[in-house]
Every structure is written in structure tokens, then in C-alpha cells.
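Q: Handing you a structure now.
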């Protein structure tokens, strides 16, 4: 038995035989053909292009129906690469002039295209390198006429092991008996992790070398609760995890019985529990959840994989349909947090100048440099607020100074004034809040609090900025530590400052849906937790089984701790006490 520790990406346990996704590397030597074969090779390339486009059309339709527009739009981008005249002309030229085989010509052309992207500092274009090689993998697969052979070979429920997952792989997971997956790369907030949660597949990412440690057919256990991949488990471990599987299934069924119950601790302390809502992946199960509102509507997806920014009407239609689902409850819409790892296709100021995008022009900084984007989004939100009884709240991302808040407040007031001239006003007053994720905002919050109506702690970015660790970099991902003393002390400082001025505080990052960390967050006196729909009932059940006074005592002890190890020990002790 061998155990590899990674990052838990999606909860649950999967047990089954491993299947290794073949490497995406389609590199070949400079294979040459006789002059008499040139015409045939060009024909093979043309047929591969046609078959690839047909595959992409089919997958685009399938993705739109199952996972929503963003993933479908990725297929549209791949079609653009396949149809690019540069790709076709350069490949055909290499076959004609250099007598390269079709496969070698494709590889060389895509290598050159990828290298041109690597020279651009813009992270968006660097990311397109993965898309280019995904397209190359498709082309070569169709060229060799063995496309789909791997997926067709999976004839029983299996666990997928991969170095990484390309968009073209994701469409094949559910329909090819994949019951869970593990990847060497990725992070807890990567697209791979989000995909796993959408598909409700247990998953572990950032395993580093699992693809080299596992062999096809090995019995493996994916522990999505604790971030473990267990290879060739012994009988005791296998039996224990099968029992855990049964308990999880039973617990999921029992959780439905608390859906209508209040979110209150065993000693009577009430909390608000909301959901991070994504209209692209809404399901029948999600619609049944009885929540306290929408704690976070991310809007970046509206800007992804399209050639121009979304119009006011396009945004309004999404916000309106979403707000209607939450009747009179709060609906928190975050202004688009563009930049860093969320780069739109259309050109915007400053993107080509960002050598360090996570510290650069992103979030509100980008909007202030592109005021038309902010104006359009604010107008769409105000138009929505004029038509629904929901309590519309606007959250500003990446705030670092009070001046940024005031700029947004002025723009919001201007939008409200324009609608007032048309005789329209919001059904309920629109609240304006800030996402506290930059340490400067946390430290200087007392000077900013008078200009905001509410605040939310964005722990995903706050933690990485406090500890100076890139959460998606596999070399340092293990240092991304919610139990670091600086993290808890900063969260505590934010909450205390807000409460002194009568402001509520929510947490919507990954830490809010970490069952083990919930007692600590309650003890720090957070007012609202907002979690993915899949975790909603699990977190509600956890809160209902906690004693607030005990949580408070643990949190106070943690604030005095000098190391992460001490805090983790307190967290584990708290969970053991509650489970016993």
C-alpha cells in the first residue's frame, strides 16, 4: 500500500481500478515522406481537420447542455485555432516543401505557434498554449484514426489518473464510467477542482507524481475528503473506506431531512448560511436547497471566451433570472474580478503590461482603468434591482483603498440617478460592500468601514497574499495554510473592526466549506458563511452539531497560538470532541 498526499478538490470517496490517461504529448521526430506521398499526406491532414471540427461541434453542444456556456465556449475557441489559416497554410507548406509527414508538420507548426504565445507576457496568451496542444492532440488522434480508443476501452467504473486534464478530456468523464479522478497538477480553486465539484466526482489534485506511481488496473482509493490517493490498499484500509463510502451515502440521504431547519448551533446561536451560486451549473438538487440567500455570484464567466464585453442586456438577463430564484433574500453580485487567472479574450488596458498579474491590474483596478466596463455592469445590476424584491448587494473585488470604494459609490450613484430620470428605482436599497482579500484593506479597514454597507472576506486570495504563496503553484501549494497564525489573527481583526461599526461579515472562500475549519470560523464570530451548493447541507449539519461557546474558546486559544501546528491541533481536537 502506498499513499500520496495532495489537495482535496471535491468531496467523497471513490474506489476502483485505475486508468491512466495517455500523455497529451504528441511530439514526433521529423518524419519524412517520399515526394509521391505528399498529396496523400495533405489529404490526411485535411480529413483530420474536418473530423476535428465535427468533434468540436458535437462536444460544444454536449458541454452547453451539461456544464454550461463557459465550457462550451472553450470548444469554440478550439475551433478558431483549427480554422486559423496560419495553422493550415504552415502545415501544408511544411508537407509540400520539407516532405514532412502530416503528423510531424502539425507538431512543428503548433510548436511554433505555442512559442509565439510564450513570448507574450500576458498570462492569458500563455494559457492559450494548453489550448493549442489540446487541439494538436485532437488533430493527431484523428489523423491516426484512433480517436476515442482510450475512452472506449473503459468498460467498468474506474478512477482516472492524469498528469492534468485538458478541456477535451472533461466531456468524457461522466459518460465513460469515471467515478473519480486524480491529477498531478492543479489546485483547490483551479478549473479542474471546480469541474469535479460540478460533476460531483470525488477528486484530489496537486499530487505531483501520481501518474508515474500508478499502473493501469491498480486498485486505488480517492479520498476527496482528506486529499489522499491510496494505491493498492490493504484489506483493512479497503474495508474501512468501503464503510466510509456507505456512511457518506447514508449521510447524504439524512442531510435532506435538515434542509428546512434553521442554521443554529446546539446552544442556540444563529448563523446565516448562503450559497455561492453559478447559473451555468444550476441543478434540480440545488433548486431544492432552502438557503439564507446568494452569498456570492461570480460574474467573470460572462466575459470569458467571447470577442467583446457582454452588453448591459446580456448581463441583465442573467442577473434577473438569478435574482428571481431567491425571492426576497439577499443576492450578492460581485463586480467582475477580471485579470490574473481570469483573462477575457477581448483586449483591455494594462493586460499586456502585467508581469505579475495576481499583484497587477485585476478586480476593481482594472474596472477603474476601463470605466465603461464598470458602468455597463452597474447599470445591468441596477436595472435588475428595479424589477425584483430581492435584496441586491454589490461587492467590489480586490479593494486596497477607500478611494476605490468611493469611485464605485460615485459610479453607482450616477447609475441610480440615470434610472431615476426614467422613473425607475430599486425595489430595495442596493447595498455596496467590499471583498477584503488584500492585507492593506484588512489593516486599514477602520478607515474604510464608513464607506461600505457590508464586507466579505475573500480567504482564497487573502491567504495567498498574507503568506506570499501562489496557491496554484505545485512547488509551494503545500505552504498555502489556512491555519497560519497570521491568517486567523487577520480574520479576527476584520470581524472585530466590522462589528464595532455595526457591519456584518461573510466568508465565501474555500475555507467556509471546510468542515473542519467551520468551528474556528464560528468561534471568530463570522456572521455569514457562503458555500458551494454541494456543501450546503454538510455545513449546515456541522453548525447544528456545534456548541458555540466551545467554538469561541477554541478560537481564543488559536489566536494565542504561535504556530500552524498548534492551531491544527486545536482544530483536530475540536472536531474529535464534536464527533465523539
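In my numbering, the protein residues as written are 12 to 591.
Even for Gly, the Cβ is constructed at its ideal location relative to N, Cα and C.
1. Using the beta-carbon count (16 or more within 10 Å), is residue 287 buried or exposed?
2. Let's see if you can read the secondary structure: which residues bound the alpha helix (DSSP H) around residue 5?
3. Count the CB pairs spanning the segment 392-406 and the segment 324-334 that are closer than 8 Å, and state whether there are at least three.
4. If you count every other CB in all the chains shown that lies within 10 Å of the CB of residue 545, and 16 or more means buried, which is it?
5. Taking just the CA atoms, how far does residue 30 sit from residue 454?
6. Using CA atoms only, rank isn't needed, just tell me which of 548, 565, 512 and 505 is closest to residue 530.
7. Does the beta carbon of residue 535 sit closer than 8 Å to a beta carbon anywhere in chain C?
8. Give me, in chain order, the residues of the same chain whose beta-carbon lies closer than 6 Å to that of residue 457; leave out the 5 immediate sequence neighbours on both sides.
9. Find the nearest neighbour of residue 515 within the set 445, 489, 382 and 103, judged by alpha-carbon distance.
10. Taking the beta carbon of residue 588 as the centre, do at least 16 other beta carbons fall within 10 Å, making it buried, or is it exposed?
11. Can you find at least 3 beta carbon pairs, one from the segment 267-285 and one from the segment 243-255, that sit closer than 8 Å?
12. As an exercise, report each continuous beta strand (DSSP E) stretch of at least 3 residues that is fully enclosed by the segment 194-246, in chain order.
13. Spatial neighbours of residue 623 within its chain, please: CB distance less than 7 Å, with the 5 preceding and 5 following residues excluded, ordered by chain position.
14. So, with DSSP's three-state summary, where would you put residue 29?
15. Grab me the residues of residue 237's own chain with a C-beta within less than 7 Å of its C-beta, minus the 5 sequence neighbours each way, in chain order.
16. In the DSSP assignment, what are the bridge partners of residue 407?
17. Could you tell me which residues DSSP puts in a beta bridge with residue 305?
18. Please determine if the segment 109-120 and the segment 50-67 are in contact, where contact requires at least 3 C-beta pairs separated by less than 8 Å.
19. Would you kindly check if the distance between the Cβ of residue 476 and the Cβ of residue 449 is under 8 Å?
20. Taking the alpha helix (DSSP H) that residue 596 falls in, what are its first and last residues?
21. So, at 7 Å on beta carbons, what are the nonlocal neighbours of residue 5 in its own chain, with the 5 sequence-adjacent residues on each side left out?
22. Relative to the alpha-carbon of residue 168, which residue among 175, 153, 302 and 184 has its alpha-carbon at the smallest distance?
23. Pull the bridge partners of residue 189 from the DSSP assignment, please.
24. In terms of residues, what are the limits of the alpha helix (DSSP H) holding residue 7?
25. By DSSP, does residue 468 sit in helix, in strand, or in coil?
26. Kindly examine the ligand GTP and report whether one of its heavy atoms sits closer than 7 Å to the Cβ of residue 469.
27. Where does the unbroken beta strand (DSSP E) through residue 436 begin, and where does it stop?
28. So, is residue 13 buried or exposed, given that buried needs 16 or more other C-beta atoms within 10 angstroms?
29. Would you report the Cα separation of residue 390 and residue 306, rounded to the nearest angstrom?
A: In short:
1. For the purposes of this step, residue 287 is identified with residue 276 of the chain shown, where counting begins at 1. Classification of residue 287: buried, given that the 10 Å Cβ count is 16 or more.
2. The displayed coordinates of the chain run from 12 to 591. Any statement about residue 5 would go beyond what the structure contains.
3. Three or more beta-carbon pairs separated by less than 8 Å link the segment 392-406 to the segment 324-334, which places the two stretches in contact.
4. For the purposes of this step, residue 545 is taken as the residue at position 534 of the chain shown. Label assigned to residue 545: buried.
5. To locate residue 454, count along the chain shown from 1; it is residue 443. To locate residue 30, count along the chain shown from 1; it is residue 19. Cα to Cα, the separation comes out at about 49 Å.
6. Here residue 530 refers to the residue found at position 519 of the chain shown. That would be 565, whose Cα lies nearest to the Cα of residue 530.
7. Absent from the structure: chain C. Only one protein chain is present.
8. Taking the chain shown and counting its residues from 1, one reaches residue 457 at position 446. Answer for residue 457: 508, listed in chain order.
9. Start at 1 with the first residue of the chain shown, and residue 515 comes out as number 504. The shortest C-alpha separation from residue 515 is found at 445.
10. Working through the chain shown from its first residue, we reach residue 588 at position 577. Looking at its Cβ environment, which holds fewer than 16 other Cβ atoms inside 10 Å, residue 588 is exposed.
11. Segment contact: the segment 267-285 against the segment 243-255, fewer than three CB-CB distances shorter than 8 Å; contact not assigned.
12. Within the segment 194-246, the complete beta strand (DSSP E) runs of at least 3 residues are 214-216, 230-234 and 239-242.
13. Since the first residue shown for the chain is 12 and the last is 591, residue 623 is missing from the structure and cannot be characterised.
14. Your numbering for residue 29 matches position 18 in the chain shown. Of the three classes helix, strand and coil, the one that applies to residue 29 here is strand, per DSSP.
15. As a working note, residue 237 is residue 226 in the chain shown. Close CB contacts of residue 237 within its chain, under the 7 Å cut and outside five residues either way in sequence, are with 19 (chain order).
16. The residue given as residue 407 occupies position 396 in the chain shown. BP columns for residue 407 point to 445.
17. In the chain shown, residue 305 corresponds to position 294, counting from 1. 286 and 342, per the DSSP bridge assignment.
18. yes
19. On the chain shown, residue 449 is found 438 positions in, with the first residue counted as 1. On the chain shown, residue 476 is found 465 positions in, with the first residue counted as 1. Contact flag set, yes.
20. Within the shown structure, residues of the chain are numbered from 12 to 591, placing residue 596 beyond reach of any answer.
21. Residue numbering for the chain in the displayed model covers 12 to 591; residue 5 lies beyond these limits and cannot be assessed.
22. Counting from one through the chain shown, the residue named residue 168 turns up at place 157. Among 175, 153, 302 and 184, the Cα nearest to that of residue 168 is on 184.
23. For the purposes of this step, residue 189 is taken as residue 178 along the chain shown, with counting starting at 1. Beta-bridge pairing links residue 189 to 169.
24. Because the chain in this structure spans residues 12 to 591, residue 7 falls outside the shown range and cannot be described.
25. Against the chain shown, residue 468 aligns to sequence position 457. Note: residue 468 maps to strand in three-state DSSP.
26. The ligand GTP is not among the ligands present in this structure, which contains no ligands whatsoever.
27. As a working mapping, residue 436 is identified with position 425 in the chain shown. That residue, residue 436, is in no beta strand (DSSP E); it is neither H nor E in DSSP.
28. Here residue 13 is taken as the residue at index 2 of the chain shown, counted from 1. By the neighbour-count rule (16 or more Cβ atoms within 10 Å), residue 13 is not buried but exposed.
29. Here residue 390 refers to the residue found at position 379 of the chain shown. Here residue 306 refers to the residue found at position 295 of the chain shown. Spanning the two alpha carbons is a distance of roughly 21 Å.
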